[in-house]
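If you read the sequence shown in my numbering, its first letter stands for residue 1, the second for the next number, and so on.
Think of the CB as a built atom: it goes at the ideal place given N, C-alpha and C, for glycine as much as any other residue.
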Amino acid sequence: IPLPGADKNSRPLISIPGQLPLPHERPKGCNFGPRCHHFVEGVCNAAEIPMIEVAGHEGHFSRCVRFNEIDWEALPPGAKKVNERVVPGAPVLKIEDLRKYYRVGGSEVFGSSEGRVVKANETISFMARESETVAIVGESGCGKSTLAKVLLGLETASAGTVTLGNTEIQSTGIDKRSVDTVSSIQMVFQNPFDTLNPSHSVGSQIIRTLEKFNVGKTVADRRKRMLELLDLVKLPRAFETRKPRQLSGGQKQRIGVARAFAGDAKVVVADEPVSALDVSVQAAVTELLMDIQRKNKTTMLFISHDLSVVRYIADRVVVMYLGYIVEQGTTDQIFAPPYHPYTEALLSAIPIADTSVVKKHIVLEGDIPSAMNPPSGCPFQTRCGYKKLVPDNLCETKVPPVKHLGDGHMSLCWLSDDVLAKMEPVIKFDKEHAAHEGMPDDAPHGDGPGFAGTPPKRPRGKRPS
1 IPLPGADKNS
11 RPLISIPGQL
21 PLPHERPKGC
31 NFGPRCHHFV
41 EGVCNAAEIP
51 MIEVAGHEGH
61 FSRCVRFNEI
71 DWEALPPGAK
81 KVNERVVPGA
91 PVLKIEDLRK
101 YYRVGGSEVF
111 GSSEGRVVKA
121 NETISFMARE
131 SETVAIVGES
141 GCGKSTLAKV
151 LLGLETASAG
161 TVTLGNTEIQ
171 STGIDKRSVD
181 TVSSIQMVFQ
191 NPFDTLNPSH
201 SVGSQIIRTL
211 EKFNVGKTVA
221 DRRKRMLELL
231 DLVKLPRAFE
241 TRKPRQLSGG
251 QKQRIGVARA
261 FAGDAKVVVA
271 DEPVSALDVS
281 VQAAVTELLM
291 DIQRKNKTTM
301 LFISHDLSVV
311 RYIADRVVVM
321 YLGYIVEQGT
331 TDQIFAPPYH
341 PYTEALLSAI
351 PIADTSVVKK
361 HIVLEGDIPS
371 AMNPPSGCPF
381 QTRCGYKKLV
391 PDNLCETKVP
401 PVKHLGDGHM
411 SLCWLSDDVL
421 AKMEPVIKFD
431 KEHAAHEGMP
441 DDAPHGDGPG
451 FAGTPPKRPR
461 GKRPS
């Protein structure tokens, strides 16, 4: 789990190496020893390890003989170094004033013979550049998945434009798109278990993708490329003969990543790519996506509910609510005030397992309204605690104009500049935490206004209680 404030340019994600051993293959000594970054031969595997009480923490026990001597704040031995910051290139994908409406038939049984319109996407505009990761976040029902379907050609737009390179694709379904266009924008799906054919080997499924994308002139060419893709996603070449049932969830998702990059995609839409995986492999798959993206200079649209991962991986963030983009900007802009009120509430919902962090708790009342019967005015006004600060009932009667906050930071909100300027950070850190995470000096921390107190320094060699 990325620590608060960490990003891909300051601190690497630490994945758990290896695989969970079978019960009959339990190692000698520490059960976790073969996968532990801090394993010491002759110490950790010398004998069975009992539960050891952690001094000063009543009821806290650890089955580790080294927990008192390990610096838990430092990166573990052999941890991957942070790569140099990648500078995004020219725009690859441009979305302008995109709308997607669905007409739903009426029902005489329920007293309605006329159809109604579901406004799934409304006036969506943003762009994504080469090598850039743009995260798209919001609650279920906000329109993220519909947007992805339009981009991939599974749906066509009702209005607006989607430009991939120099080609407009918003009105062309996937069945009418050229091979080059289909291979240029690919998807990594949320559930790797349902995207693979259980009857075919891993190798044959990757080769089938290569055939559809016209990669390679001969069978030998495609097999060579298939093996290179297995190397790319860090799977043994022997996996080419395995069936999906013989793979773990993380391994299946790596195959999904290999197929997405089989045609040298310019844009990859990653729809919750790690949410269905065990936490032990989420970091590894996230790092894999970033490594391949960096190598291929791919543009990635990262759809996620997990704002901790978004904070870590994204260069820019698009926040959606009820079909609208309510805020967009760089990751630093989105995670610091001034916020759109909905963004503020989303950030307050991030679970943080770190005692050095103080966080606001904002509870939104009610559910997200139906896109079939959206509220008048601002799409968020039915749940917003700030609307009483806006005069003349503007929030209830008119959709807000896009407010430009500077440097590409935009918000769909009626709040005045004075109110926005008084917003306090949702998440605050102590100075030690900010320095440890490589955060800028102006990051919100303990001596700022309204801070709830700086937590005491955690002793080195001790886990948090």
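Looking at the DSSP output, residue 320 shares a beta bridge with 325.
A distance below 8 Å between beta-carbons, with the five flanking residues on each side excluded, links residue 79 to the following residues of its chain, in chain order: 12, 14, 37. The alpha-carbon separation between residue 47 and residue 54 amounts to approximately 20 Å.
Residue 32 has its alpha-carbon roughly 42 Å from the corresponding atom of residue 128. Under the DSSP definition of a beta bridge, residue 207 lacks any partner. By the criterion of a C-beta distance shorter than 7 Å, residue 151 is surrounded in its chain by 162, 185, 269, once the five residues flanking it on both sides are discounted. The three-state secondary structure of residue 311, taken from DSSP, is helix.
Rounded to whole angstroms, the Cβ separation of residue 252 and residue 244 is 6 Å, and the two are in contact under 8 Å. Runs of the beta strand (DSSP E) lying entirely within the region 373-412, each at least 3 residues long, are 402-406, 409-412 in chain order. Counting along the chain, residue 271 sits inside the beta strand (DSSP E) bounded by residues 267-271. Residue 341: not part of any beta strand (DSSP E); member of the alpha helix (DSSP H) spanning 341-348, first to last residue. Residue range 116-129 is occupied by the beta strand (DSSP E) that includes residue 117.
Inclusion of residue 322 and residue 335 in the CB contact set at 9 Å is not warranted, their separation being larger than that value. Fewer than three pairs of CB atoms, one per stretch, sit closer than 8 Å, so the region 348-368 makes no contact with the region 398-411.
The Cβ atoms of residue 306 and residue 274 lie closer than 9 Å to each other. As DSSP reads the structure, residue 237 sits in no beta bridge. For the pair residue 125 and residue 160, the CB atoms are nearer than the 9 Å cut-off.
Straight through space, the alpha carbons of residue 62 and residue 68 are spaced by roughly 10 Å.
Residue state for residue 252 is assigned as helix, using DSSP reduced to three classes.
Counting along the chain, the unbroken beta strand (DSSP E) around residue 93 starts and ends at 91-104. Only residues of its own chain outside the window of five on either side were considered, and among them 61, 62, 63 have a CB closer than 8 Å to the CB of residue 51, listed in chain order. Here the alpha carbon of residue 197 sits roughly 24 Å from the alpha carbon of residue 19. Beta-bridge partners of residue 423 (DSSP): none assigned. The region 293-313 makes contact with the region 81-95, as at least three CB pairs between them are under 8 Å. Spatial neighbours of residue 195 in its own chain (CB-CB distance under 6 Å, excluding positions within 5 residues in sequence) are listed in chain order as 189, 256.
Under the three-state reduction of DSSP output, residue 359 falls in the strand class. Per the coordinates, the alpha-carbon of residue 16 lies some 13 Å from the alpha-carbon of residue 286. Per the C-alpha coordinates, the member of 361, 182, 240, 313 positioned closest to residue 131 is 313. Look at residue 84 here: in three-state DSSP terms it is coil, with no helix or strand label.
Straight-line spacing of the CA atoms in residue 420 and residue 311 works out to 22 Å. Counting along the chain, residue 152 sits inside no beta strand (DSSP E); it lies in the alpha helix (DSSP H) bounded by residues 144-152. Looking at the DSSP output, residue 164 bridges to 93, 167. When the five nearest sequence neighbours on each side are left out, the beta carbons in the same chain lying within less than 8 Å of the beta carbon of residue 145 are those of 271, 303, in order along the chain. Between residue 153 and residue 177, the C-beta gap is smaller than 9 Å, which places the two residues in contact. The beta carbons of residue 337 and residue 327 sit no closer together than 9 Å.
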